[in-house]
Amino acid sequence: MEHKPSEPFSVALFCLLLLAPLVRSQLDYKFYDASCPNLTKLVRYGVWSAIANDTRIAASLLRLHFHDCFVNGCDGSLLLDDTSTFTGEKTALPNQNSVRGYEVIDTIKSNIEKACPNTVSCTDIVTLVARDAVYLSGGPYWELPLGRRDGTTAGSVSVVNQQLPSPFETLDNITSKFTSKGLDLKDVVVLSGAHTIGFAQCFTFKTRLFDFDGSGNPDPTLDASLLQSLRTVCPNQADSDSKLAPLDPVTSTRFDNSYFRNLLSKSGILQSDQALMGDNTSASMVINYSRFPYLFSRDFGASMVKMANIDVLTGQNGEIRKNCRVKN
């Protein structure tokens with residue numbers, strides 16, 4: 025006679041399988057509901073104040089989150105200052121004189137510590153700040169499971185240089201870096217849409233204006249009128265390298281889907297952005313996002329949640345830093 029497990033056992037096993045990912049991650053949508061009930065309000069006010077003082081900071085705060093998660097996982101390691109015995113990630117080439125917004129995180133952390141001492145990690149703050157930076161710029165809002173803890177180590181300078189995608193890289197290389205973090209080509213396209221806000225330094229795209237691929241000619245995939253405009257902002261001189269140009273000339277401070285419409289008209293400023301149109305799969309996504317802003321908003325939130333879960337520390341791993349710039 026065939027033996028069959030009892031129904032209660034089967035149901036219990038099924039429930040355990042459903043709960044396994046939650047137990048493993050230990051992130052929860054209500055993680056701070058009891059321990060810090062005003063957390064989201066404190067973060068929202070801090071981001072609102074920062075944007076009111078500097079409209080560019082929204083893009084910077086979003087970028088800070090991205091640069092933190094892609095090295096060592098989402099653990100707040102990017103926030104750590106160098107000391108005589110510790111070298112962090114801030115001085116690596118992709119971050120130095122580029123990533124900013126640390127003071128905004130400090131201010132928000134300070135206010136949260138007054139309300140809920142030793143409770144909220146710097147990593148969760150950075151994650152919430154990035155969401156509010158998008159939302160307060162007119163973009164989507166997405167729910168976030170919380171409970172991340174702060175790392176006590178940081179990626180080396182060489183690791184940062186190796187793992188962070190560069191605007192000079194090919195789409196294949198960038199996609200490989202995303203897939204190594206559990207993301208995919210769709211996430212590459214969707215998260216590139218963050219360039220609907222913010223600015224780029226001239227050195228990140230100047231070769232496209234004057235000497236693309238060593239040919240002595242501009243990049244043929246760049247719109248001619250945009251080319252002339254960018255040459256005015258970024259003349260072919262070394263002292264213009266740090267000057268800024270909006271990544272989305274149409275709506276540089278509003279989070280919308282115009283970035284994708286720009287790519288269709290050859291108006292992506294970074295080579296890595298316009299490269300999305302050189303691949304059939306990514307190009308079809310660009311077309312869809314240019315037509316359907318709701319689709320972009322929905323998928324952007326989903327990709328941000330995926331990114332915010334890269335190699336997180338939970339439970340007894342890591343720590344809750346008192347000061348985001350130093351280990352306890």
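Residue numbers for the sequence shown follow the working numbering, beginning at 25 and rising by one.
Backbone N, C-alpha and C fix where the C-beta goes; we use that ideal spot for every residue, glycine too.
These numbers come from a predicted model, not from an experiment.
C-alpha distance - residue i paired with residue j, whole-angstrom precision
| i | j | result |
| --- | --- | --- |
| Leu233 | Cys60 | 50 Å |
| Phe284 | Arg322 | 15 Å |
| Met328 | Glu167 | 10 Å |
| Gln340 | Asp247 | 53 Å |
| Pro45 | Ala82 | Because Pro45 carries a pLDDT of 46, less than 50, the predicted location of this residue cannot be relied on, and the following value inherits that uncertainty. The alpha-carbon atoms of Pro45 and Ala82 are separated by roughly 32 Å. |
| Asp99 | Lys133 | 15 Å |
| Val213 | Ser276 | 18 Å |
| Ser289 | Leu103 | 38 Å |
| Asp105 | Asn347 | 11 Å |
| Leu51 | Ala332 | 11 Å |
| Phe88 | Ser239 | The residue asked about is misnamed: residue 88 is Leu in this sequence, not Phe. Rounded to whole angstroms, Leu88 to Ser239 spans 35 Å at the Cα level. |
| Asp92 | Ser101 | 7 Å |
| Phe94 | Asp265 | 26 Å |
| Phe227 | Arg315 | 31 Å |
| Lys54 | Arg345 | 21 Å |
| Ala218 | Ser180 | 26 Å |
| Ser204 | Ser108 | 32 Å |
| Leu268 | Val257 | 8 Å |
| Ser73 | Thr79 | 10 Å |
| Leu319 | Pro169 | 22 Å |
| Phe192 | Ser296 | 6 Å |
| Ala36 | Arg124 | Note that Ala36 scores a pLDDT of 46, beneath 50, so its modelled location is shaky; the value from the coordinates is reported in the next line. Answer to the nearest angstrom: the Cα atoms are 49 Å apart. |
| Asn142 | Gln298 | 44 Å |
| Glu31 | Ile136 | The predicted model places Glu31 with a pLDDT of 44, which falls under 50 and marks its position as unreliable; any figure quoted below should be read in that light. Distance between the alpha carbons of Glu31 and Ile136: 48 Å. |
| Thr338 | Val67 | 21 Å |
| Gly97 | Asp243 | 35 Å |
| Asp263 | Thr64 | 42 Å |
| Pro118 | Gly342 | 25 Å |
| Ser200 | Pro189 | 9 Å |
| Gly206 | Leu195 | 17 Å |
| Lys138 | Phe229 | 43 Å |
| Asn352 | Ala178 | 14 Å |
| Ser182 | Gly302 | 30 Å |
Minimum C-alpha distance to residue i - residue among the options
| i | options | result |
| --- | --- | --- |
| Asp57 | Val144, Val150, Asn312 | Val144 |
| Met90 | Thr231, Val150, Cys140 | A quick correction: the sequence has Phe, not Met, at residue 90. That would be Val150, whose Cα lies nearest to the Cα of Phe90. |
| Leu300 | Asp211, Ile132, Pro164 | Asp211 |
| Asp156 | Cys140, Lys138, Ile129, Asn142 | Ile129 |
| Ser216 | Ser282, Ser253, Gln252 | Ser282 |
| Arg173 | Asp148, Leu251, Val153 | Asp148 |
| Gly292 | Phe279, Val274, Leu170 | Val274 |
| Cys146 | Thr131, Leu160, Ala224 | Thr131 |
| Phe223 | Ser306, Arg278, Lys351, Gly342 | Arg278 |
| Phe236 | Asn260, Ser253, Pro317 | Asn260 |
| Leu160 | Ile221, Ile334, Pro189 | Ile221 |
| Thr176 | Phe110, Val71, Arg255, Asp263 | Phe110 |
| Ser308 | Leu287, Ser190, Phe324, Gly325 | Leu287 |
| Asn241 | Thr231, Leu250, Ser249 | Thr231 |
Helix, strand or coil at residue i according to DSSP, with G and I counted as helix
| i | result |
| --- | --- |
| Pro270 | strand |
| Thr277 | coil |
| Gln225 | strand |
| Leu117 | coil |
| Leu287 | helix |
| Leu251 | helix |
| Leu102 | helix |
| Val153 | helix |
| Val144 | coil |
| Arg349 | coil |
| Asn312 | helix |
| Leu66 | helix |
| Gly240 | coil |
| Lys330 | helix |
| Gly206 | coil |
Beta-bridge partners of residue i, as assigned by DSSP
| i | result |
| --- | --- |
| Leu319 | Its beta-bridge partners do not exist; DSSP assigns none. |
| Glu343 | Asp174 |
| Phe15 | Here the chain has residues from 25 to 352 only, and residue 15 is not among them. |
| Leu294 | Partner(s): none; Leu294 has no beta bridge. |
| Asp52 | Leu170 |
| Leu337 | Arg173 |
Residue interval of the alpha helix (DSSP H) (run including residue i)
| i | result |
| --- | --- |
| Thr199 | 195 to 203 |
| Leu160 | Taken as a continuous stretch (DSSP letters only), Leu160 belongs to no alpha helix (DSSP H), as it is neither H nor E. |
| His89 | 81 to 93 |
| Val214 | 209 to 216 |
| Ala58 | Looking at the DSSP string, Ala58 is not in any alpha helix (DSSP H), and its letter there is neither H nor E. |
| Asp130 | 126 to 139 |
| Ser182 | 181 to 187 |
| Leu233 | 230 to 234 |
Cutoff 7 Å: residue i Cβ touching any chain B Cβ
| i | result |
| --- | --- |
| Val350 | No chain B appears in this structure, which consists of one protein chain only. |
Closer than 6 Å: residue i CB and nearest the ligand ATP heavy atom
| i | result |
| --- | --- |
| Lys205 | The ligand ATP is not among the ligands present in this structure, which contains no ligands whatsoever. |
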